[in-house]
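A.B. asks: In my numbering, the protein residues as written are 21 to 107.
Even glycine gets a Cβ: it sits at the ideal position worked out from N, Cα and C.
Dropping the structure in here first, questions after.
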């Protein structure tokens with residue numbers, strides 16, 4: 021009976037290790053995707069800044085526009101993290 025219990029426990033442990041490895045791989049993929057998106061965002065921001073460099077500084081640093089961009093970015097990160105949890 022003890023052998024059966026230990027066998028089942030070992031199987032459960034192997035399964036948990038496999039799940040952990042899969043989640044580690046998903047995390048690595050998610051981090052790679054985050055870095056890629058962050059780089060793309062920085063590139064887009066710098067190109068947008070250069071496009072607006074001739075405009076007034078009040079438009080460039082408009083608090084409402086910045087808040088909207090931050091809110092949108094946070095929403096995208098939340099959706100991405102939910103997607104990661106579901107997968």
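(1) Taking one C-beta from the segment 87-106 and one from the segment 45-60 each time, how about it: are there three or more such pairs within less than 8 Å?
(2) Roughly how many angstroms separate the alpha carbons of residue 71 and residue 93, rounded to a whole number?
(3) On the three-state DSSP scale, how would you describe residue 82?
C.D. replies: So, to answer that:
(1) They touch, by the three-pair rule.
(2) Low per-residue confidence applies at residue 71: pLDDT is 48, beneath 50, and the placement is therefore not dependable, though the value from the model is reported in the following sentence. Straight-line Cα distance between these residues: approximately 21 Å.
(3) Looking at residue 82 - three-state DSSP - the assignment turns out to be coil, as it is neither helix nor strand.
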